[in-house]
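According to the UniProt record's numbering, the sequence shown holds residues 1 to 186 in order. Here the structure comes first, spelled out in structure tokens, and everything after it is commentary.
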Amino acid sequence: MTTLENRPHTALLVVDVQNGVVEGAHERDVVVANIGVLVERARREQIPVVWVQHSDEQLVRGSDNWRIVPELAPDDAEPLVEKHYSDSFEDTTLETVLSGLGVGRLVVAGAQTDECIRSTIHGAFVRGYDVTLVSDAHTTEDQTEWGAPPPDKVIAHTNLYWTYQTAPGRTAGTAETKNVDFGRTS
1 MTTLENRPHT
11 ALLVVDVQNG
21 VVEGAHERDV
31 VVANIGVLVE
41 RARREQIPVV
51 WVQHSDEQLV
61 RGSDNWRIVP
71 ELAPDDAEPL
81 VEKHYSDSFE
91 DTTLETVLSG
101 LGVGRLVVAG
111 AQTDECIRST
121 IHGAFVRGYD
131 VTLVSDAHTT
141 EDQTEWGAPP
151 PDKVIAHTNL
161 YWTYQTAPGR
171 TAGTAETKNV
181 DFGRTS
């Protein structure tokens, strides 16, 4: 139901599952394992997997912190989009990559819930994409020291409000890893 013309396909978008991003994240191993399940299922179903990798002063390009976690291995044929802002679309090649694949629906997983995940799902939605957030395949670190709720509450709140997100001609929602339906078309 995307508002993007001639974009019938779905892609799995894996955002910032990098050593330095998820090393202290809530339920890191469970989330990374769920993302691994999604990646393997997408590959099996011939659904494009698009990787996003952040770099900044703390995630210096080429450093160990910058690398995608060892449990996940992007295939050489899978697009990798480098970014410097929270929204994976902002000043990147993501829109060009997705357009070239005919993608109008995104299934999103990764980190961090309260920054890059939220920015990316909102960025995709306002650009006309249908967006499914995988409710048990995104995470964040504990930022209660700075006044944020505990990580489990941040994740639960994001899942709650994304379940009910609406806009004309687009769909949003959440699904657990085991219930994700990539489908061939939106």
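We put the CB at the ideal spot given by N, CA and C, even for glycine. Just so it is clear, the structure is predicted and the values come from calculations on it, not from any experiment.
Legend entry - Member of 105, 143, 139 whose CA lies at the smallest distance from the CA of residue 127: 105
Legend entry - residue 51, DSSP secondary structure in three states: strand
Legend entry - Distance between residue 30 and residue 101 (C-alpha atoms, nearest Å): In a straight line, the C-alpha of residue 101 is about 30 Å away from that of residue 30.
Legend entry - residue 183 in three-state terms, based on DSSP: Correct three-state label for residue 183: coil.
Inset, instruction - Compute the Euclidean distance between the alpha carbons of residue 137 and residue 144, then round it to the nearest angstrom. - result: 21 Å
Inset, instruction - Tell whether a beta-carbon distance below 8 Å holds between residue 140 and residue 131. - result: no
Inset, instruction - Report all residues from its chain with a CB closer than 6 Å to the CB of residue 94; omit the five preceding and five following residues, and keep chain order. - result: 81, 88
Legend entry - Short Cβ contact (8 Å threshold) for residue 34 with residue 67: no
Inset, instruction - Tell whether a beta-carbon distance below 8 Å holds between residue 103 and residue 42. - result: Contact flag unset, no.
Inset, instruction - For residue 105, verify whether its CB is less than 7 Å away from any heavy atom of the ligand ZN. - result: For the structure depicted, the ligand ZN is absent and the ligand set is empty, with no information on it obtainable.
Legend entry - First through last residue of the beta strand (DSSP E) which encompasses residue 11: 9-15
Legend entry - Contact check, residue 163 vs residue 173, beta carbons under 8 Å: For residue 163 and residue 173, yes; Cβs fall inside 8 Å.
Legend entry - DSSP bridge partner residues for residue 138 (one or two, in chain order): 110
Inset, instruction - Would you mind stating whether residue 123 and residue 3 have Cβ atoms separated by less than 8 Å? - result: no
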